[in-house]
Each structure stands twice: as structure tokens, then as C-alpha cells.
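Visitor: Input: one structure, supplied below.
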Amino acid sequence: MKISNKLLVKYCPAHSTPGTTTSSVKKNILFLSSVLALCGLLSCRNTSGDAATSTQKKYSIYILGRDAKEYIVETNTLDSGIIYPEKTGAELDEKEMDRDLIAKDGFYYRLNRKKASFIKYTATEQTMKEVATAPLENFAIDNYYWLNKDSLLLTGLNTTDFSQVKYAIIKTDDMKVLTIGDLAIPLPFGKYTSISTGFTELKNKQLFVGYTYHQRLSSYDYTTSDTTYLALFNYPQMTKIRIDKDVRSTYPGGTNMVQPYSFNDEKGNYYFMTCPGIALGNRADISTGIFRINAGENALDKNYFFNISGTVINNHAYGIWYLGGKQAIIRTERKDLFKGLSDHYSTAHFEFYLIDLATQKVIKKLELPLDKGTRRACVIVSGEMAYISVNSTKEGNYIWLYNIKTGNLKKGLQLAGDTDFMMRIDQLQK
């Protein structure tokens with residue numbers, strides 16, 4: 001995996017340091033933002049004397065503009081209409097904001113590693129307003145998990161050498177850091193130089209953490225272990241129970257602030273996708289797959305492995321969205337359409353497939369234009385509708401509506417004007 005030194009410094013899991021990226025650089029590295037984390041109990045600071053109130057809009061769209069500006073646009077519908085972000089969006093300061101966000105109940109949360117602060121924002125018509133901050137030093141977020149309405153568990157790595165897995169629990173209503181500490185996950189060993197955590201899940205007072213190790217090959221290149229690791233901890237004590245290993249695939253999950261890789265079904269079975277492709281694990285020789293932890297159990301189901309790369313898809317995938325009824329949408333690359341990592345983000349080559357988790361079969365490819373942008377939070381599932389954002393070179397930037405019950409697809413909201421990429425879509429109010 002060959003990337004420029006500037007990209008490597010911020011994004012490569014084998015070597016990473018704090019920093020920010022200009023919009024022009026972001027346009028060239030859109031595909032790598034989800035590995036930002038790979039590559040303090042003080043009182044919080046509130047910027048207003050009044051209690052903050054969240055937006056009343058239902059949806060949010062993060063846009064990278066053609067003029068190197070970035071916007072967040074909020075709207076009450078994705079079903080129809082047209083939006084010009086330069087007219088109605090909140091323009092963002094790229095030194096403060098990026099698309100690795102957590103959006104919930106009308107607020108946005110993001111770690112500014114340069115300031116060592118976890119910041120809570122709300123959007124106005126013109127800009128993002130800082131509501132409150134919590135100190136978070138020597139911490140690079142890999143994943144988040146909502147413990148309840150206003151308690152947020154963050155897992156990630158130390159920023160000195162990205163070898164120690166850490167956690168923090170933050171009370172988001174007043175941005176108080178409740179606890180912070182290290183998880184007893186073994187440091188990189190032998191040839192491995194760094195680690196990444198791909199998912200966290202809490203079940204029956206036990207915390208599951210999926211992770212793997214990386215080997216730095218050179219200043220510009222890295223690779224990943226062939227093993228998926230699953231660590232189990234008592235919660236809230238955070239004492240280790242055990243660590244399991246599985247070599248059916250590697251790089252479990254990914255940074256869920258950029259794209260989702262896991263979910264629970266109606267019965268409480270937990271599924272997660274692995275991402276060994278060139279844009280994350282850089283182990284293209286290993287299949288992308290889906291693992292399962294059955295409801296009421298605390299170990300991987302040894303009899304379940306959905307080999308995505310071994311199906312008619314015959315490619316790697318990044319991102320999964322559960323529709324209900326054992327069906328999910330996955331987003332897959334087309335290796336015949338891109339040359340390598342350098343054009344992985346900019347070439348329209350991504351397809352969306354409907355899969356059956358019970359039978360481990362591909363149901364169909366959705367008849368959507370080819371999409372671009374390596375990893376994006378690009379699907380919202382609400383009731384019987386899946387809203388799918390597509391950055392099409394030929395047809396433009398649209399939200400597509402997929403009716404889960406009927407299978408019908410149609411165009412919805414158009415993002416026009418200065419829109420180059422829709423980088424993420426979020427449901428702010430449910």
C-alpha cells in the first residue's frame with residue numbers, strides 16, 4: 001500500500017501523529033479518513049451561559065465542495081428537493097472539523113487531537129457552534145458506543161505510538177469525563193508495530209473489543225496480521241476475561257465514526273464485517289467476511305462465516321447496514337475499475353448489494369449508479385426505507401430511496417451547486 005508521506009503521517013495505522021488536513025488535501029485522501037485513529041479528568045468548558053438546545057432538523061449531510069470548502073447541511077426530508085450547500089449550509093473550518101463525527105439528537109461530537117479536546121457542537125445557518133468541551137489527552141478514537149442516552153464510551157489508542165488500547169466514558173449532557181484508562185490488550189509484538197480496534201459492543205455486562213495488529217514495512221507502506229482478535233472484559237470493572245483468535249479473516253470492523261461495520265439483529269445476534277482490502281487492512285489476499293456472535297453467547301460462532309469475497313461479488317467490501325429480516329446492504333469495490341489506492345477514492349467503482357445473512361447468499365445488486373469515495377456513512381435505514389447517498393460521476397449527487405418491502409428504487413434529494421462529495425449522512429432526530 002503506497003501513499004504519500006503526508007497521508008501516512010495522519011492516516012497510516014503503522015505510523016500516525018496528530019494534525020489537521022486542508023480541504024484540498026481531503027479531496028485527495030477522502031478514502032483514507034476512516035483510519036484517522038490508526039495512522040485528563042478536568043472539568044469541561046461550556047462556551048455559553050445558557051443551556052444548549054439542539055437542532056430540530058431530522059437529517060444532516062456533510063459535503064465536500066468543489067471550491068475546497070466544506071459544509072454541513074441539515075434538512076427535514078431526504079425524499080425530494082434540491083439543496084445548494086453554498087446557499088443553505090453551515091460552512092466549516094477545516095482546521096476544526098472533519099467528517100469523523102458522532103451525530104446524535106441534533107448535536108455533533110468530535111475529537112480535536114491537536115487541542116486534546118472532545119468537543120460538542122450544534123449547527124447554525126452559517127457555521128458550527130461549539131457548545132462544550134471535555135479534555136481528552138493522548139487519545140485517538142477508533143470507535144464509539146452509546147451506553148445510554150447521554151453516556152458515551154470511546155475506545156482508541158494512545159497517540160504517542162498507537163500501541164496501547166485506551167477507553168474513556170463521557171457524560172455528554174454536560175461533557176464530563178467520568179473515567180479514562182487502559183484496556184489490558186497485549187501491545188504489538190514481534191514484527192508488529194501498531195494496533196487498531198475495529199468495534200466495541202456491550203452485552204450482559206461484558207464488553208467485546210475486536211482488534212488486530214499492523215506491521216510497518218517502510219515509511220510509506222504497512223500490512224496487517226492475518227488474525228482477528230476478540231477481547232472480552234467485565235463491565236464496568238474493565239477487567240479482562242479472555243482473548244480469542246480467528247484466522248478466517250482479519251481487520252475486524254473499522255472506525256465507526258466514518259462508516260458502520262456492525263449491528264445487532266432483532267434477536268440480539270451481533271454481526272461485524274472484516275475489512276482486509278487495500279483501503280484498510282492492506283491484506284487483499286484475505287477475504288472480506290462477516291462474523292457472528294450469537295445472542296446470549298460471548299464468543300464467535302465457529303460455524304458462521306459469510307465469505308463476501310467468495311460470492312459472485314468477488315471483491316472486497318467496506319460498510320454494512322442492517323435492513324431487518326436478516327437482510328443487509330453492503331458496499332463493495334470494483335477492482336477492475338480502479339488502478340490502485342491512488343484513485344480508489346476518486347474513481348466511481350462502488351456498488352451496493354443486498355445480502356441474506358441467514359443463507360449467506362447475495363440476493364441482488366441494487367441498480368444504482370457507480371459510487372465514489374472509499375468509505376462513507378452513506379446509508380440511513382428508517383422504517384421501510386433505506387436512504388442511500390450516491391456520488392455519481394455521470395448522474396450527480398443524489399439520495400436514493402430503496403423501499404425495503406417492495407424493492408423499488410428512486411431518486412430523492414439532489415445535492416447540487418458546489419457539491420463534489422457527500423461525505424456522510426446522519427439521522428439527527430428519530
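Numbering (full-length UniProt numbering), first residue to last: 1 to 430.
We treat Cβ as the ideally placed atom computed from N, Cα and C, and that holds for glycine.
1) Excluding the 5 residues flanking residue 87 on each side, which residues of the same chain have their C-beta closer than 8 Å to its C-beta?
2) Alpha carbon to alpha carbon, how far is residue 190 from residue 270? Give it in angstroms, no decimals.
3) Please state whether the Cβ-Cβ distance between residue 230 and residue 300 is less than 8 Å.
4) Thinking just about the alpha-carbon of each residue, which of 98, 77 and 78 is nearest to the one in residue 376?
5) Using 8 Å as the threshold, is the C-beta distance between residue 170 and residue 154 below it?
6) What's the call for residue 339, buried or exposed, on a 16-neighbour Cβ count within 10 Å?
7) The beta strand (DSSP E) spanning residue 88 covers which residue range?
8) With H, G and I counted as helix, E and B as strand and the rest as coil, what does DSSP make of residue 343?
9) Can you pull the DSSP bridge partners for residue 361?
10) Check whether the region 306 to 316 touches the region 376 to 392, counting contact only when three or more Cβ pairs, one atom from each stretch, lie closer than 8 Å.
11) Apart from the five residues on each side of it in sequence, which residues of its chain come closer than 7 Å, Cβ to Cβ, to residue 394?
12) When burial is assigned at 16 or more other CB atoms within 10 Å of the CB, is residue 81 buried or exposed?
13) Smallest Cα separation from residue 372: which of 361, 239 and 352?
14) Cα separation between residue 76 and residue 199?
15) In the structure shown, what three-state DSSP assignment does residue 432 receive?
16) Starting from residue 59, follow its DSSP beta bridges and name the residues at the other end.
17) Buried or exposed for residue 166, going by 16 or more other Cβ atoms inside 10 Å?
18) Can you give, in chain order, each stretch of the beta strand (DSSP E) that sits fully within the region 111 to 137 and has at least 3 residues?
19) As a quick exercise: from 134, 84 and 258, pick the residue whose alpha carbon is nearest that of residue 379.
20) Can you look up residue 385 in the DSSP assignment and give me helix, strand or coil?
21) Quick one: any contact between the region 173 to 193 and the region 277 to 289, if contact means 3 or more CB pairs under 8 Å?
22) Suppose contacts are defined by Cβ-Cβ distances below 8 Å. Is residue 163 in contact with residue 178 by that definition?
23) Once DSSP output is grouped into helix, strand and coil, what is the label at residue 171?
24) Pull up the DSSP beta-bridge partners for residue 262, would you.
25) With a threshold of 8 Å on Cβ separation, who are the neighbours of residue 91 within its own chain once the five nearest residues in sequence on each side are excluded?
26) Give the list of continuous beta strand (DSSP E) stretches no shorter than 3 residues that lie fully inside the region 202 to 248.
27) Measure the C-alpha to C-alpha separation of residue 329 and residue 279 and round it to an integer number of angstroms.
28) Got a sec, what are the start and stop residues for the beta strand (DSSP E) residue 104 sits in?
Guide: Looking at the atomic coordinates:
1) 417
2) 32 Å
3) yes
4) 98
5) yes
6) exposed
7) No beta strand (DSSP E) contains residue 88, which is instead part of the alpha helix (DSSP H) from 85 to 88.
8) helix
9) 356
10) no
11) 369
12) exposed
13) 352
14) 30 Å
15) Since the displayed the chain opens at 1 and closes at 430, residue 432 lies outside it and no answer follows.
16) 75 and 427
17) buried
18) 117 to 123 and 128 to 135
19) 258
20) strand
21) no
22) no
23) strand
24) 272
25) 69, 70, 71, 126 and 127
26) 206 to 218, 221 to 224, 228 to 234 and 240 to 246
27) 19 Å
28) 102 to 104
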